[in-house]
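Scroll down for the structure; my scribbles are underneath it.
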Amino acid sequence: MFGRRTSIAEIAPTRPAPGATPAFRGVSESKKSPPTIIEPSAPPAESTRSDEYYVTKSMIFGALIEAIDLSQLARLDAESAREEIRDIVNEIIAIKNIVMSISEQEDLLEDICNDVLGYGPLEPLLARDEIADIMVNGAMQTYIEVGGKIQLTNVRFRDNAQLMNICQRMVSQVGRRVDEASPICDARLADGSRVNVIAPPLAIDGPVLTIRKFRKDKLTLEQLIRYGCISPEGGEVLKIIGRVRCNVLISGGTGSGKTTLLNCLTNFIDAGERVITCEDAAELQLQQPHVVRLETRPPNLEGTGAVTMRDLVRNCLRMRPERIIVGEVRGPEAFDLLQAMNTGHDGSMGTVHANSPREALSRLESMITMGGFALPIRTIREMLVSSVDVVIQTARLRDGSRRITHITEIMGLEGDVVTTQDLMLYEILGEDASGRIRGKHRSTGIGRPRFWERARYFGEEERLAKALDASEARNEA
Ligand SMILES: Nc1ncnc2c1ncn2[C@@H]1O[C@H](COP(=O)(O)OP(=O)(O)OP(=O)(O)O)[C@@H](O)[C@H]1O
Ligand SMILES: [Mg+2]
Numbered sequence: 013m014f015g016r017r018t019s020i021a022e023i024a025p026t027r028p029a030p031g032a033t034p035a036f037r038g039v040s041e042s043k044k045s046p047p048t049i050i051e052p053s054a055p056p057a058e059s060t061r062s063d064e065y066y067v068t069k070s071m072i073f074g075a076l077i078e079a080i081d082l083s084q085l086a087r088l089d090a091e092s093a094r095e096e097i098r099d100i101v102n103e104i105i106a107i108k109n110i111v112m113s114i115s116e117q118e119d120l121l122e123d124i125c126n127d128v129l130g131y132g133p134l135e136p137l138l139a140r141d142e143i144a145d146i147m148v149n150g151a152m153q154t155y156i157e158v159g160g161k162i163q164l165t166n167v168r169f170r171d172n173a174q175l176m177n178i179c180q181r182m183v184s185q186v187g188r189r190v191d192e193a194s195p196i197c198d199a200r201l202a203d204g205s206r207v208n209v210i211a212p213p214l215a216i217d218g219p220v221l222t223i224r225k226f227r228k229d230k231l232t233l234e235q236l237i238r239y240g241c242i243s244p245e246g247g248e249v250l251k252i253i254g255r256v257r258c259n260v261l262i263s264g265g266t267g268s269g270k271t272t273l274l275n276c277l278t279n280f281i282d283a284g285e286r287v288i289t290c291e292d293a294a295e296l297q298l299q300q301p302h303v304v305r306l307e308t309r310p311p312n313l314e315g316t317g318a319v320t321m322r323d324l325v326r327n328c329l330r331m332r333p334e335r336i337i338v339g340e341v342r343g344p345e346a347f348d349l350l351q352a353m354n355t356g357h358d359g360s361m362g363t364v365h366a367n368s369p370r371e372a373l374s375r376l377e378s379m380i381t382m383g384g385f386a387l388p389i390r391t392i393r394e395m396l397v398s399s400v401d402v403v404i405q406t407a408r409l410r411d412g413s414r415r416i417t418h419i420t421e422i423m424g425l426e427g428d429v430v431t432t433q434d435l436m437l438y439e440i441l442g443e444d445a446s447g448r449i450r451g452k453h454r455s456t457g458i459g460r461p462r463f464w465e466r467a468r469y470f471g472e473e474e475r476l477a478k479a480l481d482a483s484e485a486r487n488e489a
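With the working numbering as the guide, the letters of the sequence shown map in order to residues 13 to 489.
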């Protein structure tokens, strides 16, 4: 089929469709112009589109926007709007005498529909479930993360104005806007994906859009065990930690799997507990029946009306929570979370950006000191020690795999120093021929963790002992 040039004028449907209300003003015959030819080529996948394709598309797009009545189009349902656009584009192709193969025309139609109705060149990436992150650095450069690895794609936007338009469309869905006056914006797509936009003049080379794609089939602890993210015995210890209401901090770098692990741990919360979650963009999916979900709000255009994470956590305390879960602790709410952990809300959890359990603790400490609390360092450390039971460290290794690298307990204060005790560690042994990291989770031989008594209280003492023994045995294997 690619060897034969088909004149689209011959196959284009006639318009308007009987009985349909046209959503366009019509394409004038007088606009007929000399034929534009897209060379028949390999199937026109996103990755093989030529510069010529983009020139032709831009020309057709311009004619479409002139012909279409966007306000009428907005009144149609998605399917009819798509049909309408397809008909008009077919007509433009015929009138302008553009020659292309049927598959090229189909690809172009799909592409243009995505531009007008959806998120343009991002649509094919948004549809791919295996993509974890989409990172657009200006119109000409889009990266994706698949299987822990970042890859450059051939996805391009017509120009920065088109990209900005798409960003604006994304954030306007949740009533926000992004422009020169307010160039930073967080939002959430209808499917739950998390979106961040930073626009010029702050982003020097064009709008930068970052999407953490929402994973419908959230990973479970069983899957993390299967992927080697944690050993089966380590997984068992984590289940017990979740179940016996330890106060937990999950620490890790960007995209290391903190939120995923937090979500897994919440599976072990008893169905009868009242849980309140506070997040910047709701990502957690708790399965329990009694869950209240809260989300922060950025300031409006006048710079007022912001509801911060601290506001939410403080309000939580008046909502009779049994556990409080903070998606990401990054500011003065650290103080309120620690206080909550310390005042009977056992089993509270949060994530923090840090590269080791010790760093997680010092990050919390500086969040509190920088939050304007006039407390001596020792008092803050006393608070830390009496509130946090366990820090779980996650990491994305250089081969893209994600691992739980530490399960660490907070023990106490020696002088002014917080003492910790590692229960389990991930040890890197080397790399195999294909560059994959070889390693193993090791138990550190602590027979009785600090939360032993707590495990006994919840009737989980035997299970904990068994998991720790099995982990010891694995060390020797
Ligand atoms: N153990 C794992 N194995 C494979 N993929 C994982 C694992 N943990 C997380 N992921 C995937 O990695 C991506 C990032 O995970 P997640 O959102 O949990 O990271 P994060 O540390 O919370 O990131 P951020 O710092 O941006 O909030 C998601 O797409 C998630 O599905
Ligand atoms: Mg996260």
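Even for Gly, the Cβ is constructed at its ideal location relative to N, Cα and C.
Which listed residue (the options) has its alpha carbon closest to that of residue i
i    : options                   : result
S260 : Q235, N354, L476 and I216 : Sequence inspection shows Val at residue 260; the Ser mentioned does not correspond to that position. The shortest Cα separation from V260 among Q235, N354, L476 and I216 belongs to N354.
L437 : I404, G267 and D428       : I404
G150 : N166, T431 and G187       : N166
P495 : L120, D401 and E142       : With the chain represented from 13 up to 489, any question about residue 495 goes unanswered, as that position is not in the structure.
L88  : L129, R375, Q117 and M71  : L129
E122 : V101, E474 and I107       : V101
K228 : G204, V209 and Y239       : G204
G187 : K108, P212 and P311       : P311
A445 : S483, I80, D411 and G160  : D411
R140 : V158, I124 and C125       : V158
R486 : E465, R466, Y155 and S455 : S455
V207 : M395, I107 and A199       : A199
I416 : R238, G471, I107 and V190 : R238
E135 : K108, C179 and E488       : C179
L329 : V111, A366, G447 and F347 : F347
I97  : A79, A106 and M112        : A79
E484 : F470, G459 and Y469       : G459
Q163 : D145, K108, G424 and N177 : D145
N367 : L175, Q185, I77 and G265  : G265
D63  : I216, M152, A318 and L201 : M152
A90  : I110, L201 and N126       : N126
Q185 : L175, N177, M176 and L201 : L201
G424 : I449, E439 and E394       : E394
E116 : Y65, I156 and L137        : Y65
Beta-carbon proximity of residue i to residue j, cut-off 7 Å
i    : j    : result
G254 : L277 : yes
S263 : A372 : yes
E248 : A479 : yes
D434 : H418 : yes
R94  : G267 : no
P461 : E426 : no
G269 : R414 : yes
P344 : R322 : yes
G457 : L441 : no
V508 : V430 : No information on residue 508 is available, as it lies outside the stretch 13 to 489 that the chain covers here.
F463 : C197 : no
N279 : K230 : no
T68  : L273 : no
V400 : R335 : no
G359 : L349 : no
R168 : S70  : no
I105 : A75  : no
R375 : D428 : no
Nearest-angstrom beta carbon gap, residue j and residue i [assumed within contact, 8 Å]
i    : j    : result
E331 : T222 : Note on residue identity: the sequence assigns Met, not Glu, to residue 331. Not quite, the Cβ-Cβ distance comes to about 32 Å (not below 8 Å), so this is no contact.
I143 : K225 : 6 Å
V498 : V209 : The question about residue 498 has no answer, for the chain in this structure spans 13 to 489.
R305 : T289 : 5 Å
L302 : P333 : Correcting the residue type first, residue 302 is His in the shown sequence and not Leu. Not confirmed; about 10 Å, so no contact.
F73  : I114 : Between I114 and F73 the Cβ distance is about 20 Å, and since that is not below 8 Å, they are no contact.
P195 : A173 : Not really, about 15 Å apart at Cβ, beyond 8 Å.
A494 : L476 : It is not possible to answer for residue 494, since the shown part of the chain is limited to 13 through 489.
V190 : E472 : Not really, about 48 Å apart at Cβ, beyond 8 Å.
Q300 : E285 : 7 Å
P369 : T432 : 6 Å
E234 : P213 : Contact doesn't hold; Cβ gap of about 48 Å is too wide.
Would you list the residues whose beta-carbon is nearer than 6 Å to any heavy atom of ligand 1, in the order they occur in the chain? Any residue whose Cβ sits closer than 6 Å to a heavy atom of ligand 1 makes the list: A144, R224, R227, L231, L236, Y239, C241, G264, T266, G267, S268, G269, K270, T271, T272 and R414.
Does the contact criterion of 3 or more C-beta pairs under 8 Å hold for the region 374-388 versus the region 240-254? With a cut-off of 8 Å, the region 240-254 and the region 374-388 do not count as touching, because too few Cβ pairs lie within range.
Quick check: the region 281-295 against the region 332-339, are at least 3 beta-carbon pairs closer than 8 Å? These segments touch.
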